[in-house]
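K.L.:
Protein chains in written order, with our numbering: chain L, 18 to 388; chain P, 18 to 388.
Cβ coordinates follow ideal geometry from the N, Cα and C atoms, glycine included.
A quick note: this is a predicted structure, and the numbers were derived from the prediction, not measured.
My structure is below; once you've seen it, I'll send some questions.
Here's what the structure looks like:
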C-alpha cells in the first residue's frame, strides 16, 4: 500500500487495502473450490454489503451472519442465500426472521435446543411457511450448540417439527480453550471434520436427510475443507486477516489488508507518547479469557518495534518505549496492525478503502444492529 | 424501573432510566453549585444531544468533548459553550476546529505542547481569528498534559503566540495508576486541587491571566469542587453511573441509570448458558492495564449472583454458574449492570430510554466519529 494518501485521512481510522482483500478472498475461494466444498463466508468481519457482494461474485455459495438485523441489511443489497448461524430466540427476533425468510431466496437458521426450535416452528407455522434450519452442535467450544452426545435425539425431534425443514448440521470449534490456543490446527480440523461426518452418518441412518455439513473458521477452514468430510466452510476473518491470524500461523503480515492510521498528539516525556485512539478505537478482546499481557499490546506499531500500546483511556492510546525513548514527534502519523480485525471494524461507522491509488470512505453497513 | 416494558425491547440493548439520570444530573449540579464552581460535564458518556441539553438546562456552564467531530454534533443541537479537552493535532482536525470556532459562541481548545499550540496558532491566524485555549497539565496520569514542572514555561510561550488566547489550565488526575486504584479519593482530590491552584498562582505571578482552573472526573469531582481551589469540574460518567463507580465508592447500585437487557439463547449444559451479547456488546476495558480477572466479569447479572460473564465471543456471552447450575431457561431476559458505561454506550447506535412508563429509542448522536 502506498502511503502518499496519508494527508487525506482523518485519524484515528481504519484503511482497507482493496487489492489485498481481493487476493485474500481469492485464496480462500480457491482452497474451498479445490477441496470441492462450498464457501459461505461470515460477514461479521467486514459488515459491508460491497465486500459481501465481492465474496459472492468470486464464487461464495452465500453468506453467514450472526444477527437477523445484519442479514436484513445484506438481503437489501441483493444477497439471497443467507445462513444466520445463531439460535433465534425472542418474539422480536422471530418476527423479523419470518419476514426475512419471505423475501430472501434461501434463509437458513440455526437451532440448538428443543426450546429454540419449538419457537421457530411456531413462528413459521403461524405465517404458513416452512423454515430451513441447521442443527448447531458443540464440538468443544462450550458456547451455543447442542452437546455432541445429545445431537441425534435433538435432530430427530427437530426433524418432526412442523414448519421446519432440517437440512444440515454446523459447528464452530474454537482454537482457544481454557485460555490456551491449539497449536496443531491440522489435527484440530481433522477432529472437527470427523466428528461432524460421524454425526451426519448417524443422522442419515436415523432417516434424517442431512445435506449440509458446515464447519471451519478462518484458521481451520482450509484444513477442514481438505479433510473431505464436510460440505461447507464458514470463515470470516480471512478477508482482511490480522495479527491474531498471523500468530495462529494462517496469515503472513503482508496479507493483512486492514490497518489503523493514528496521529501522535502529544509527546510529554521521552519514554511515552499519546496517539488519538484509545479504548473507543482499539478493541480489547485480545485473546478471549486470557489476560491482556498475553499479547504484545492492543495493536502493533509498524516500523517501531520498541513501542508498546499497553495503556489506554477512551480517546488516549499511550505508546510506551522499551528503550526509554519513543523517537516520535507531535503530528506524526503511525500505521498500527490490528490484533483482531472483526471487533476493530465493529467500532467504526465508516472505514477508508484504498483502491488503485484512490482513497474513499465506506459505510460499515451492518454495524451497531441489536437483534 | 418497572419491568413491564421488557416485551417491547429488542435485545441485546441498553436501557436508560431517564428519571434516575435526571436525579444524577441534579446531584452533581447541586454539589458544584454549592461549592461555587462551574460544572462542565463531559459528554463522552452519553454522546446524546438530548442529555447534553438536559445538563445545560439544569445549570451546567457548558460541555466538554474529546473530539471536534463530537463537538460539531453538539453545536448543531444548539449548545454554544464547548471545551474540547484534547490537543488538536493534524490539519484535518485544525480545519474543522477553526470552522467550529466561527459558529460556536465559545469554543475552548486544549493545548499541551509547543508543537500543538503552534499548529493551532497558525490555523487561527490564517483564518484571521483568535482561539481560546487552556493548557493541559499532567498531575500524575501520564497521558496527555505537559509535565507539571514544565507548565509555567510552556504557558508563557503559549500566552505569547498570536491567534491564541490562554484563559485557563486543566488536568485529569487518574485514580488508577500502575494498575492500582487509589482508595482515598478525598486525598487525591485535595492533591489535585492544590497542584492546580499552586500552578495558577505561579502563572498569575508571571502575568498570565488564568481565569479557569478545571479539574475533577466523576469520582473526584465533588471532592475537588469542595476544596475551593478550582473554578470548574468536568465529570462525565455520573449521569448514568456504573459498577466501576460503585467500586470507587462514588455511586450506589440504585443510582445506576443505565443497564443492559439480554436474552438467554441457549442452555446447552447445566453449568453454563449463552446470552445474545458478546464482545461486540460488552466492552472489555474493565480496568485499564489490569487483567480482566481483577473484576467479577464483563457485566453483573442482576438477581443472579452465582452467574459470571467471564467468557465471550463476538456475539456470544457465556454465563458460567459458580454452583454448577445456571437455573436459566431459553428465552429468559436478564438485566446486566455495566462495568463501564462510557465504552458500553459507545458500542451502540441507539439506546432505549424509559421515561414515565414509556419506552422509546434514542440515537447515540455523536458515536463513531473519527476526528
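1. List, in chain order, every chain L residue whose beta-carbon is nearer than 8 Å to that of residue 83 of chain P.
2. Could you name the residues of chain L that residue 146 of chain P contacts, counting a contact when the two beta carbons are closer than 9 Å?
3. Taking 8 Å as the threshold (beta carbon to beta carbon), is residue 314 of chain L in contact with chain P?
4. Any chance the segment 99–106 of chain P sits against the segment 117–137 of chain P, with 3 or more Cβ pairs inside 8 Å?
5. Can you find the residues in the same chain that come closer than 7 Å, C-beta to C-beta, to residue 185 of chain P, ignoring five residues on each side of it along the sequence?
6. If you reduce the DSSP assignment to three classes, tell me which class residue 400 of chain L lands in.
7. Taking beta-carbon pairs under 9 Å, can you tell me which members of the segment 340–371 of chain P lie near chain C?
8. Can you look up residue 255 of chain P in the DSSP assignment and give me helix, strand or coil?
9. Along the segment 96–108 of chain P, what residues have a CB closer than 7 Å to any CB found in chain L?
10. Should residue 294 of chain L and residue 281 of chain L be called a contact, given that it needs their Cβ atoms to be closer than 8 Å?
11. How is residue 184 of chain L classed by DSSP in three states: helix, strand or coil?
12. Helix, strand or coil, according to DSSP, for residue 262 of chain P in the structure here?
13. Kindly confirm or deny that the segment 23–33 of chain P and the segment 206–224 of chain P touch, where touching means at least three C-beta pairs closer than 8 Å.
14. What residue range does the beta strand (DSSP E) around residue 148 of chain P cover?
15. When DSSP builds the beta bridges, which residues end up paired with residue 100 of chain L?
16. So, at 7 Å on beta carbons, what are the nonlocal neighbours of residue 242 of chain L in its own chain, with the 5 sequence-adjacent residues on each side left out?
17. Please confirm if the segment 165–183 of chain L is in contact with the segment 136–148 of chain L, defined as three or more CB-CB distances below 8 Å between the two stretches.
18. Please list, in chain order, all residues of the same chain as residue 162 of chain P whose beta carbon is under 8 Å from its beta carbon, the five residues on each side excluded.
19. Hey, quick one: how far does the beta strand (DSSP E) through residue 232 of chain P stretch, first residue to last?
20. For residue 335 of chain P, go through chain L and note every residue whose CB falls closer than 8 Å to its CB, in chain order.
21. Can you grab the Cα-Cα spacing for the pair residue 72 of chain P / residue 78 of chain P, in whole Å?
22. Does any residue of chain L bring its CB to less than 8 Å from the CB of residue 213 of chain P?
23. So, for residue 158 of chain P: in the same chain, excluding its five sequence neighbours on each side, which residues have a beta-carbon less than 7 Å away from its beta-carbon?
24. Classify residue 166 of chain P: buried if its beta carbon has 16 or more other beta carbons within 10 angstroms, exposed otherwise.
25. Report yes or no: is there a C-beta of chain P within less than 8 Å of the C-beta of residue 65 of chain L?
26. Can you round the beta-carbon distance between residue 381 of chain P and residue 284 of chain P to whole angstroms, since I take them to be within the 8 Å contact cut?
27. Checking 8 Å against the spacing of the C-beta atoms, do residue 273 of chain L and residue 42 of chain L come in under that value?
28. Alpha carbon to alpha carbon, how far is residue 18 of chain L from residue 268 of chain L?
29. Taking the beta strand (DSSP E) that residue 380 of chain P falls in, what are its first and last residues?
30. When the distance is taken between beta carbons, is residue 83 of chain L closer than 8 Å to residue 61 of chain L?
31. Which residues in chain L sit within 8 Å of residue 287 of chain P, going by Cβ to Cβ distance?
32. Going by C-alpha distance, which of L:38, L:358, L:216, L:109 is nearest residue 137 of chain L?
33. Less than 8 Å separating the beta-carbons of residue 317 of chain P and residue 336 of chain P?
34. Less than 8 Å between CB atoms is the rule here; does residue 301 of chain L satisfy it with respect to chain P?
35. Which of the residues in the segment 115–142 of chain P, read from start to end, lie with their CB under 8 Å from any CB of chain L?
36. Mapping the DSSP letters down to three states, classify residue 195 of chain P as helix, strand or coil.
P.N.:
Taking the geometry as given:
1. To locate residue 83 of chain P, count along the second chain from 1; it is residue 66. Correct list: 331, 332.
2. The count along the second chain starts at 1 and reaches residue 146 of chain P at position 129. By Cβ distance, chain L contributes nothing, its closest Cβ being about 21 Å from residue 146 of chain P, past 9 Å.
3. Looking up residue 314 of chain L in the first chain gives position 297. Judged by the 8 Å Cβ criterion, residue 314 of chain L is not in contact with chain P.
4. yes
5. For this step, residue 185 of chain P is matched to residue 168 along the second chain. So the qualifying residues of the chain are 151, 227, 228, 229, 230, 231.
6. Chain L is shown only over 18 to 388; residue 400 of chain L falls outside these bounds and no answer can be derived.
7. This model lacks chain C altogether; the protein chains it does include are L and P.
8. Start at 1 with the first residue of the second chain, and residue 255 of chain P comes out as number 238. Here residue 255 of chain P sits in helix by DSSP.
9. 103, 104, 106, 107
10. As a position in the first chain, residue 294 of chain L is number 277, starting the count at 1. As a position in the first chain, residue 281 of chain L is number 264, starting the count at 1. Not a contact, by the Cβ cut-off of 8 Å.
11. For the purposes of this step, residue 184 of chain L is identified with residue 167 of the first chain, where counting begins at 1. In this structure, residue 184 of chain L counts as strand in the three-state DSSP scheme.
12. As a first step, residue 262 of chain P is located in the second chain; it is residue number 245 there, counting from the start. The answer is helix: DSSP assigns residue 262 of chain P an H, G or I state.
13. no
14. Residue numbering aside, residue 148 of chain P sits at position 131 when the second chain is read from its first letter. Segment 148–155, the beta strand (DSSP E) holding residue 148 of chain P.
15. Walking along the first chain from the start, residue 100 of chain L turns up at place 83. DSSP lists L:81, L:125 as partners of residue 100 of chain L.
16. Mapped onto the first chain, residue 242 of chain L falls at position 225. Counting only Cβ-Cβ distances below 7 Å, and skipping sequence neighbours, we find 48, 49, 52, 54, 233, 250.
17. With the cut-off at 8 Å, the segment 165–183 of chain L and the segment 136–148 of chain L touch.
18. Taking the first residue of the second chain as position 1, residue 162 of chain P is located at position 145. Correct list, in chain order: 129, 153, 154, 155, 156, 188, 189.
19. Numbered from 1 along the second chain, position 215 holds the residue referred to as residue 232 of chain P. Counting along the chain, the beta strand (DSSP E) containing residue 232 of chain P begins and ends at 229–232.
20. On the second chain, position 318 is the one that residue 335 of chain P refers to. Near residue 335 of chain P (Cβ distances below 8 Å), the residues of chain L are 159, 160.
21. Here residue 72 of chain P corresponds to residue number 55 of the second chain, with the count starting at 1. Here residue 78 of chain P corresponds to residue number 61 of the second chain, with the count starting at 1. Straight-line Cα distance between these residues: approximately 9 Å.
22. The residue you call residue 213 of chain P lines up with position 196 of the second chain. Output row for residue 213 of chain P: interface = no.
23. Taking the first residue of the second chain as position 1, residue 158 of chain P is located at position 141. 189, 190, 191, listed in sequence order.
24. By one-based count along the second chain, residue 166 of chain P stands at place 149. So residue 166 of chain P counts as exposed.
25. Your numbering for residue 65 of chain L matches position 48 in the first chain. Not an interface residue.
26. Within the second chain, numbered from 1, the residue matching residue 381 of chain P stands at position 364. Within the second chain, numbered from 1, the residue matching residue 284 of chain P stands at position 267. With a Cβ gap of about 32 Å, residue 381 of chain P and residue 284 of chain P do not count as contacting.
27. The count along the first chain starts at 1 and reaches residue 273 of chain L at position 256. The count along the first chain starts at 1 and reaches residue 42 of chain L at position 25. Not in contact: residue 273 of chain L and residue 42 of chain L (Cβ atoms no closer than 8 Å).
28. Residue numbering aside, residue 18 of chain L sits at position 1 when the first chain is read from its first letter. Residue numbering aside, residue 268 of chain L sits at position 251 when the first chain is read from its first letter. Because the pLDDT at residue 18 of chain L is just 46, under 50, the model does not fix this residue reliably, and the point stays unresolved.
29. One-based indexing of the second chain puts residue 380 of chain P at position 363. Unbroken beta strand (DSSP E) run through residue 380 of chain P: 375–380.
30. Within the first chain, residue 61 of chain L is the residue found at index 44, counting from 1. Within the first chain, residue 83 of chain L is the residue found at index 66, counting from 1. A contact, by the Cβ cut-off of 8 Å.
31. Locating residue 287 of chain P in the second chain gives position 270, counting from the first residue. The premise fails here: residue 287 of chain P is roughly 11 Å from chain L at the closest Cβ pair, so nothing lies under 8 Å.
32. On the first chain, residue 137 of chain L is found 120 positions in, with the first residue counted as 1. Ranking L:38, L:358, L:216, L:109 by Cα distance to residue 137 of chain L puts L:109 first.
33. Taking the second chain and counting its residues from 1, the one referred to as residue 317 of chain P is at position 300. Taking the second chain and counting its residues from 1, the one referred to as residue 336 of chain P is at position 319. Contact flag unset, no.
34. Indexing the first chain from 1 puts residue 301 of chain L at position 284. By this cut-off, residue 301 of chain L is an interface position.
35. 129, 130, 132, 133, 136
36. Taking the first residue of the second chain as position 1, residue 195 of chain P is located at position 178. Because the pLDDT of residue 195 of chain P is 49, which lies under 50, any placement of that residue in the model is unreliable, and the question is left without a value.
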